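Chemist:
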Amino acid sequence: MAADFSTRVRNLPTLGLGISTEFGAGAGGLDPLALRALRPDYVGFLEIGADLERGFDSAAEAWIASGAPTTYHFLDLNLEEPTSLDTASMRETAVRARRAGAAWLCGDAGLWHIGRRDRGHGILQPPILEPSSVDAMADSVRRLRDATGFEVLPENPPAHVYLGRMHLLDYFAALAERADTGLLVDLAHLAVYQRVMGHKPLEGFDRFPWDRVVEIHIAGGTPFRHAGRTFIDDDHGTTLLPELRDMMAAAFGAASNLRAVVCECERHPIPAVLPLFTSVKAAFDASAAVRGSSSETPSRAAPMATTSIEGDMLAPLQRTLFRCQMDPAFARRWRGGDAEARRGDGLSPSARDLLVAASAEGVGADNGGRRSAQVLGNVSLECSATVALAMDGGRDSGFVAEFVASPEFHGAVMADAALPPAFAAYATARTSGSDDAFLRAVAHLERALVEVRRMPDGTPPPAGTFGVSPAVAVVSVPEGTLDGWLAVLDALRAGKLSKLPRAASGVEDEYILLSKGGSSGAFAPPPGAAELLDPGTAALLRAAAIHPLSEEDIAALARDHEADPADVRGLVDSLVADGVLVYGGTP
Ligand SMILES: [Fe+2]
Numbered sequence: 001m002a003a004d005f006s007t008r009v010r011n012l013p014t015l016g017l018g019i020s021t022e023f024g025a026g027a028g029g030l031d032p033l034a035l036r037a038l039r040p041d042y043v044g045f046l047e048i049g050a051d052l053e054r055g056f057d058s059a060a061e062a063w064i065a066s067g068a069p070t071t072y073h074f075l076d077l078n079l080e081e082p083t084s085l086d087t088a089s090m091r092e093t094a095v096r097a098r099r100a101g102a103a104w105l106c107g108d109a110g111l112w113h114i115g116r117r118d119r120g121h122g123i124l125q126p127p128i129l130e131p132s133s134v135d136a137m138a139d140s141v142r143r144l145r146d147a148t149g150f151e152v153l154p155e156n157p158p159a160h161v162y163l164g165r166m167h168l169l170d171y172f173a174a175l176a177e178r179a180d181t182g183l184l185v186d187l188a189h190l191a192v193y194q195r196v197m198g199h200k201p202l203e204g205f206d207r208f209p210w211d212r213v214v215e216i217h218i219a220g221g222t223p224f225r226h227a228g229r230t231f232i233d234d235d236h237g238t239t240l241l242p243e244l245r246d247m248m249a250a251a252f253g254a255a256s257n258l259r260a261v262v263c264e265c266e267r268h269p270i271p272a273v274l275p276l277f278t279s280v281k282a283a284f285d286a287s288a289a290v291r292g293s294s295s296e297t298p299s300r301a302a303p304m305a306t307t308s309i310e311g312d313m314l315a316p317l318q319r320t321l322f323r324c325q326m327d328p329a330f331a332r333r334w335r336g337g338d339a340e341a342r343r344g345d346g347l348s349p350s351a352r353d354l355l356v357a358a359s360a361e362g363v364g365a366d367n368g369g370r371r372s373a374q375v376l377g378n379v380s381l382e383c384s385a386t387v388a389l390a391m392d393g394g395r396d397s398g399f400v401a402e403f404v405a406s407p408e409f410h411g412a413v414m415a416d417a418a419l420p421p422a423f424a425a426y427a428t429a430r431t432s433g434s435d436d437a438f439l440r441a442v443a444h445l446e447r448a449l450v451e452v453r454r455m456p457d458g459t460p461p462p463a464g465t466f467g468v469s470p471a472v473a474v475v476s477v478p479e480g481t482l483d484g485w486l487a488v489l490d491a492l493r494a495g496k497l498s499k500l501p502r503a504a505s506g507v508e509d510e511y512i513l514l515s516k517g518g519s520s521g522a523f524a525p526p527p528g529a530a531e532l533l534d535p536g537t538a539a540l541l542r543a544a545a546i547h548p549l550s551e552e553d554i555a556a557l558a559r560d561h562e563a564d565p566a567d568v569r570g571l572v573d574s575l576v577a578d579g580v581l582v583y584g585g586t587p
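Going by the working numbering, the sequence shown opens with residue 1, and the numbers climb by one from there.
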């Protein structure tokens, strides 16, 4: 039988005070190694925030190369959705964490992406604070721990709204018990939670198993107003909320197994963060004498709510919440009981009650619209020429923003479909009535490219035939579209947004071969994956797209086009060599 937490925790190293980083944060902010050189007592370790898509940035690599201690903070594992924790991503996370020399894994416990992993799906959603979510999360924590061999510390995520009837600390207490796990308590996130729920800063502290807490996070936040209420943006600023002082003293004193404290301030220059470290270190040192001296029995079970929404309601509830957050008009209709708005949300009456009970202001809170803008920027990125042409001169200023009100957006979220293709479908629908033929053609082209990038690997064509690879597509657009599109992309890269080149669309069609290209995955920036086809090749590929071509079909095609059969056969071979056609094997 595996050792229990109280045994395992003895093998975890004490890292002391440290700092966190996320991909790209060092570029404009803090150099962790420089701060460590200056104040080794402030920076005993680096918490590397990473996802599998982007990996480690140069600042993280430099730290790893120095051999100094680290922890691995995942930014992409959905602990509330055990089904999304696939073997491959758990294995790869372990490989990277091991390479970084991480002492353990940690990360916000909830949803890092809505639905699938794809560009624009990256959000951070806290768990639904209900017993059924505790069960799902505990399952994930155990599986991730078993699969990786690392201790896994779930962290309480930040939010402006929380659904569910458990207090956040009771939720994590129950999770610790169910998963027999240690915890990471982010005191800044907790302070925000206590405020939005109208609780006192130390509410729930007395019934929380502090001996489970291995790591604590501290960060500054920035107040902002929304709908007449004050919310706190967890922006990792350098000014702590006033209640953090009491919260630190209580938490530091009670956390008898505390191994690490992180000051999250990765986007600020060193002089700006020194006072923050000074105050956290003072609080940490002051509590050292009392830490662990409590004679209270550790791991007291938290009171578990007796009722819960059904486990299969967690996903639809998170998706409906996301739709409400992105589309305020929808949120109003849904909350008002509009049958059309609620159709297809998949929610049981008790699940609906949780969302109705949540604060409407909290659902809508988004400091400066940044979260929404980030999602929209990401989902529309692969249609950047369409967007730029449509918005040119302010002709259609709501082009991107109004995606969230579209059936394409809501349908994709509910169906767990990818959002970039949904945006592309919306963009082609919105431009279909335009009298600008070039805009229509570019929308068609970009949509086809978005789709081919996400095409799953297909089954091979029948033996003895040549089929079109699922990694490519052929589109026909008016002559001049490809050159015009590339010119628009060049202009966008050069920042020339005001005077976009416009191609006059020809009368004849041109055929374009689109391919997935060599990109590492769906998140990668668009590769140069479009090329013009000569009419003969286009005809061959279009025929093969209708049904895979046998040798007889190829000979017939040559006859129909009055071409030399040997030339056509040679073309087929070269297309196979280029991966455009796939041969189904020997009959
Ligand atoms: Fe944190």
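Every residue gets a Cβ at the ideal spot worked out from N, C-alpha and C, and that includes glycine.
Fair warning: this is a prediction, and the values are worked out from it, not measured in the lab.
Going along the chain, which unbroken runs of the beta strand (DSSP E) with 3 or more residues stay wholly within the segment 464 to 493?
Modeler: With a minimum length of 3 residues, the continuous beta strand (DSSP E) runs that stay inside the segment 464 to 493 are 466 to 468 and 472 to 478.
Chemist: Hey, how far is the Cα of T372 from the Cα of R323?
Modeler: Against the sequence shown, residue 372 aligns to sequence position 372. Against the sequence shown, residue 323 aligns to sequence position 323. Here residue 372 turns out to be Ser, not Thr, going by the sequence shown. C-alpha separation (whole angstroms): 11 angstroms.
Chemist: Tell me the DSSP bridge mates of Q125?
Modeler: Along the sequence shown, one-based indexing puts residue 125 at 125. Q125 pairs with L111.
Chemist: In terms of alpha-carbon separation, which member of L439, V379 and E446 lies closest to R395?
Modeler: Mapped onto the sequence shown, residue 395 falls at position 395. The shortest C-alpha separation from R395 is found at L439.
Chemist: Beta strand (DSSP E) containing H444: first to last residue?
Modeler: Stepping through the sequence shown from its first residue, residue 444 is reached at position 444. Not the beta strand (DSSP E): H444 falls in the alpha helix (DSSP H), residues A437 to R453.
Chemist: CA-CA distance, M90 and T148?
Modeler: Here residue 90 refers to the residue found at position 90 when the sequence shown is read from its first residue. Here residue 148 refers to the residue found at position 148 when the sequence shown is read from its first residue. Near 7 angstroms, if we compare the C-alpha coordinates of T148 and M90.
Chemist: Express the C-alpha separation of D234 and P40 in angstroms, rounding to a whole number.
Modeler: Position 40 of the sequence shown, counted from the start, is the residue given in the question as residue 40. Position 234 of the sequence shown, counted from the start, is the residue given in the question as residue 234. Between P40 and D234, the C-alpha separation is close to 26 angstroms.
Chemist: Using the C-alpha atoms, what's the distance from A94 back to P158?
Modeler: Taking the sequence shown and counting its residues from 1, the one referred to as residue 158 is at position 158. Taking the sequence shown and counting its residues from 1, the one referred to as residue 94 is at position 94. If I take the Cα positions, the gap works out to 25 angstroms.
Chemist: Using the three-state DSSP reduction, which class does L241 fall into: helix, strand or coil?
Modeler: For the purposes of this step, residue 241 is taken as the residue at position 241 of the sequence shown. L241: coil per DSSP, three-state reduction.
Chemist: Measure from the alpha carbon of L79 to the alpha carbon of each residue in A60, A422, R96 and L111, then state which is nearest.
Modeler: Indexing the sequence shown from 1 puts residue 79 at position 79. For the residues A60, A422, R96 and L111, the minimum Cα distance to L79 belongs to L111.
Chemist: When you compare the CB of W112 with every CB in chain D, is at least one pair closer than 8 angstroms?
Modeler: The structure shown contains no chain D; it is built from a single protein chain.
Chemist: Below 7 angstroms CB to CB, which residues in the same chain sit around G344 once its five sequence neighbours on both sides are set aside?
Modeler: Walking along the sequence shown from the start, residue 344 turns up at place 344. Closer than 7 angstroms at Cβ, skipping near neighbours: M414.
Chemist: Find the nearest neighbour of A558 within the set I546, L571, G369 and P548, judged by alpha-carbon distance.
Modeler: Taking the sequence shown and counting its residues from 1, one reaches residue 558 at position 558. Comparing Cα positions, the closest option is L571.
Chemist: Hey, how far is the Cα of L317 from the Cα of D135?
Modeler: Residue mapping note: residue 317 aligns to position 317 of the sequence shown, counting from 1. Residue mapping note: residue 135 aligns to position 135 of the sequence shown, counting from 1. Rounded to the nearest angstrom, the two C-alpha atoms are 16 angstroms apart.
Chemist: In chain order, what are the residue ranges of uninterrupted alpha helix (DSSP H) at least 4 long that sit wholly in the segment 298 to 352?
Modeler: DSSP runs (the alpha helix (DSSP H)) wholly in the segment 298 to 352: 314 to 326, 328 to 335 and 339 to 342.
Chemist: According to DSSP, is S295 helix, strand or coil?
Modeler: Within the sequence shown, numbered from 1, the residue matching residue 295 stands at position 295. The predicted position of S295 is uncertain, since its pLDDT is 49 and thus under 50; a value taken from the coordinates is nonetheless stated next. Here S295 sits in coil by DSSP.
Chemist: Contact check, V32 vs A59 under 8 angstroms by CB: the rounded distance?
Modeler: As a first step, residue 32 must be located in the sequence shown, where it is residue number 32. As a first step, residue 59 must be located in the sequence shown, where it is residue number 59. In the sequence under discussion, the amino acid at residue 32 is Pro, which differs from the Val named in the question. About 6 angstroms; that satisfies the 8 angstroms criterion.
Chemist: Which stretch, first to last residue, makes up the beta strand (DSSP E) that contains L533?
Modeler: Within the sequence shown, the letter at position 533 stands for residue 533. Start and end: A530 to L533.
Chemist: Can you tell me which residues form a DSSP beta bridge with A50?
Modeler: In the sequence shown, the residue the question calls residue 50 occupies position 50. F74.
Chemist: Helix, strand or coil for C265 per DSSP?
Modeler: Taking the first residue of the sequence shown as 1, we reach residue 265 at position 265. DSSP places C265 in coil when its eight states are reduced to three.
Chemist: Let me know if E508 comes out buried or exposed under the rule of 16 or more other beta-carbons within 10 Å of its beta-carbon.
Modeler: Here residue 508 refers to the residue found at position 508 when the sequence shown is read from its first residue. By the neighbour-count rule (16 or more Cβ atoms within 10 Å), E508 is not buried but exposed.
Chemist: Output the distance between the C-alpha atoms of A612 and R332, rounded to the nearest integer angstrom.
Modeler: Outside the shown range of the chain (1 to 587) lies residue 612, about which nothing can therefore be said.
Chemist: Taking one C-beta from the segment 227 to 247 and one from the segment 184 to 196 each time, how about it: are there three or more such pairs within less than 8 angstroms?
Modeler: With the cut-off at 8 angstroms, the segment 227 to 247 and the segment 184 to 196 touch.
Chemist: Assess, as a yes-or-no matter, whether the segment 380 to 390 is touched by the segment 442 to 456 under the definition of 3 or more beta carbon pairs within less than 8 angstroms.
Modeler: With a cut-off of 8 angstroms, the segment 380 to 390 and the segment 442 to 456 count as touching, because enough Cβ pairs lie within range.
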